[in-house]
Each structure stands twice: as structure tokens, then as C-alpha cells.
Amino acid sequence: MVISYSLELEVDTERTQRIKELAYETDALLKGDFTLSSGKKSDHYYDGKQLSQHPEGAYLIGEEIFDMLEGIDFDAIGGLAISAIPIVTAVTVVSHIKGQPIRSFWVREEPKKHGTEKRIEGQFKKNSKVVIIDDVITGGNSIKKAIDAVRAEGCEVVKVIVVVDRNEGGSDQLREEGYDFKAIIDLSPSGEASISEPSAVTGEAG
Amino acid sequence: MSLRQLREKLDKGFYVDNLCEMARLCKDMALESDSPVPFFIMQKIFSGIADYWDDRPVIVEEAKLVEAELLKSLNNLIDVIEDNASADQLMTLINKVISSYLFLYG
Chain A
54 MVISYSLELE VDTERTQRIK ELAYETDALL KGDFTLSSGK KSDHYYDGKQ LSQHPEGAYL
114 IGEEIFDMLE GIDFDAIGGL AISAIPIVTA VTVVSHIKGQ PIRSFWVREE PKKHGTEKRI
174 EGQFKKNSKV VIIDDVITGG NSIKKAIDAV RAEGCEVVKV IVVVDRNEGG SDQLREEGYD
234 FKAIIDLSPS GEASISEPSA VTGEAG
Chain B
396 MSLRQLREKL DKGFYVDNLC EMARLCKDMA LESDSPVPFF IMQKIFSGIA DYWDDRPVIV
456 EEAKLVEAEL LKSLNNLIDV IEDNASADQL MTLINKVISS YLFLYG
């Protein structure tokens, strides 16, 4: 049992390391002079779609986040369109393969102007427990939009997970507001990536 | 909602969050105005650029180029709206704004 535990830890650490490597290999992590959505200038940028739309990247992110959800009591996962969509879909697919199905939804940036006027699409139920997921957090505006949208429907946000934390205030703000926040990868102020913390481990020790 | 607020936001520069705010402002002014055309056009331009830039790495030089191409014609358009200029003058400046936008993203 102890040996089994160690092997799983090694596999999970290798997976997270591979996610970080892929972020560079797919040019998801870019260096340059960029203008961020907030107007802030930065010498690095995380283009999450390059990783989440890569076949290995999508699979590994799906597995990683699936494991991060272990032991959490929730009904569905979701996030703000469009960046969160491939990520929550990857987790949903992995969950089916592993026989532990997880439903997912996504939140429109703006409410639909016609038709059903739905802001939240997919396998979503009001007054449920949800995990909010996104590709990156900077100031936290995008995640707050998703959080506000689900809370307006009576939901409880039990956890927030991102692939990359730019460590520019958003994650600190969420923690201060009492959210259980976790990232797969941290970016330093210079844009260097590191694994956020020891990855989730399945199975029991001893 | 006022043109003064729009000018203040234009002065802050072109980035996604500000473009979305300017689009919302123009939409509100279009709804309130008896002559919504210029506000509608500006709303579409701001939201079009915001949609294009959203979730995409925007290099500082690209943002400056877009600002340089559009800012003057947008401010001129706001001037003629404020001056209650003739329909011909208004149309001339609307055409200039649209031409600039199409040069960038047509």
C-alpha cells in the first residue's frame, strides 16, 4: 500500500511537470510586451487555449483537475466562456472514462439577448454546489463574473481551480473572500512557471 | 450617460475592459437618443475590437496602432455630435470611423 501511494504521487507530480512543460512547448506561455484586458502592461502572457486545445494538454489538465476534485462535495463544475469551456469539457470526459461522471456547465460573458435568456448553459442546476474553473487568473474579474452568475442562481461555490495563477492579486482576493482556491501552475512576476503545490493524490497511504 | 464620459474613457486607451465599457456606454446612449446611428456604430466598433482582443495576446504595439488609427476620427465624430452638426457632416465622420475600422479589421 505504501509503495502504491508513492507511485501514484510520482505519477501525479510527473503529470503536473508535463503540464508545465507543455505550456512552454505549445507557446501557451509567451514573452513580449503585452496589453492585458485590464489595461495593465506585462512582459508575459498565458494563452491558455494553446494548452487546453492541445490533445495531450487537454487530457492532462482534465486528469489533473479531476484528481483535484477528489473528496469535494459538489454537483457540477463550470466557468466563464470561452476559456473555461474546453477545460471543463476535458474534466467531464475524463470523469466518464474513470466511471465517476461529473457534470459541467459554462457561463456566458453576457446574458443572451433573445430566446431563453439563459446566462448559464449546460448541466447546471440552481441552488447546487459548484466548482468554478478557469484557465488563468490575473485580477480575478473573469472568475468573479462566473462566481456572481452562479451565486445569483442560488449556488454555493465550494472551490475555485485555475490552470495558471499569474499571482497579480486575483487569487489573494479570492482567498480573502473565503474561497478555497487552487492553481496547477504559478507564474512568477517575471513570467516563469512553477508547479503551484504538490498535486492531488488519489488512494490511501499505509 | 454622456459624451464627456465617453471621451474620458477614450483617454484611458484601448484595452479589452475599457472597450467593453465604452461599448456599453454607447449602447445606452443609442437607446436614449433620437439619432442612435453614430452611437450604434461606435458600440459595434468597440465591441468588435474587444471581441477580437479578448482571450488573445495583444502586443502593445498592435494596441497603439489601433488607437492611432481610430482615436482621431472617433474624437472628431464626438465633436460633431456635440455640435449638433448637419446630417452630411455626421455621415462624413461616421464613414471615416468605419473606414478606419475596416482598414484595421476588414
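If you read the protein sequences in the order shown, they are chains A and B. Residue numbering for the first sequence follows this note's numbering, beginning at 54 and increasing consecutively. Residue numbering for the second sequence follows this note's numbering, beginning at 396 and increasing consecutively. Here a beta-carbon is modelled for each residue, glycine too, at the ideal position from N, C-alpha and C.
Residue span of the alpha helix (DSSP H) that contains residue i, given as start and end
i, result
"residue 229 of chain A", "223-229"
"residue 475 of chain B", "455-477"
"residue 407 of chain B", "398-407"
"residue 498 of chain B", "482-500"
"residue 420 of chain B", "411-427"
Min CB distance residue i to chain B below 8 Å
i, result
"residue 104 of chain A", "no"
"residue 77 of chain A", "no"
"residue 218 of chain A", "no"
"residue 69 of chain A", "no"
"residue 82 of chain A", "no"
"residue 257 of chain A", "Confidence in residue 257 of chain A is poor, its pLDDT being 35 and thus under 50, which makes the residue's placement unreliable; the coordinate value appears in the next sentence. No, because no Cβ of chain B sits closer than 8 Å to the Cβ of residue 257 of chain A."
"residue 85 of chain A", "yes"
"residue 197 of chain A", "no"
"residue 98 of chain A", "yes"
"residue 88 of chain A", "yes"
"residue 73 of chain A", "no"
"residue 244 of chain A", "no"
"residue 135 of chain A", "yes"
"residue 223 of chain A", "no"
"residue 92 of chain A", "yes"
Cβ of residue i within 8 Å of any chain A Cβ
i, result
"residue 454 of chain B", "yes"
"residue 425 of chain B", "no"
"residue 408 of chain B", "yes"
"residue 490 of chain B", "no"
"residue 474 of chain B", "no"
"residue 461 of chain B", "no"
"residue 458 of chain B", "yes"
"residue 411 of chain B", "yes"
"residue 449 of chain B", "yes"
"residue 500 of chain B", "no"
Element boundaries [beta strand (DSSP E), containing residue i]
i, result
"residue 243 of chain A", "Taken as a continuous stretch (DSSP letters only), residue 243 of chain A belongs to no beta strand (DSSP E), as it is neither H nor E."
"residue 447 of chain B", "That residue, residue 447 of chain B, is in no beta strand (DSSP E); its alpha helix (DSSP H) goes 432-448."
"residue 129 of chain A", "129-133"
Sequence-distant residues of the same chain with beta carbon closer than 8 Å to residue i, five excluded per side
i, result
"residue 400 of chain B", "420"
"residue 246 of chain A", "73, 76, 77, 82, 217, 238, 239, 240"
"residue 109 of chain A", "71, 75"
"residue 112 of chain A", "143, 147"
"residue 402 of chain B", "470, 473"
Residues of its chain near residue i, where Cβ-Cβ distance is below 6 Å and the 5 sequence neighbours each way are ignored
i, result
"residue 468 of chain B", "491, 492, 495"
"residue 236 of chain A", "215, 218, 249"
"residue 226 of chain A", "193"
"residue 138 of chain A", "159"
"residue 422 of chain B", "438"
DSSP beta-bridge partners of residue i
i, result
"residue 234 of chain A", "A:213"
"residue 248 of chain A", "A:238"
Residues near residue i in its chain [Cβ-Cβ closer than 7 Å; skip 5 each side]
i, result
"residue 84 of chain A", "96, 97, 244"
"residue 67 of chain A", "none"
"residue 474 of chain B", "none"
"residue 116 of chain A", "68, 147"
"residue 106 of chain A", "139"
Every unbroken beta strand (DSSP E) within the stretch 143-222 of chain A, with a cutoff of 3 residues, ordered by chain: With a minimum length of 3 residues, the continuous beta strand (DSSP E) runs that stay inside the stretch 143-222 of chain A are 156-160, 173-175, 182-190, 209-218.
Whole alpha helix (DSSP H) elements within the stretch 66-122 of chain A, 4-residue minimum: You should have 101-105, 108-121.
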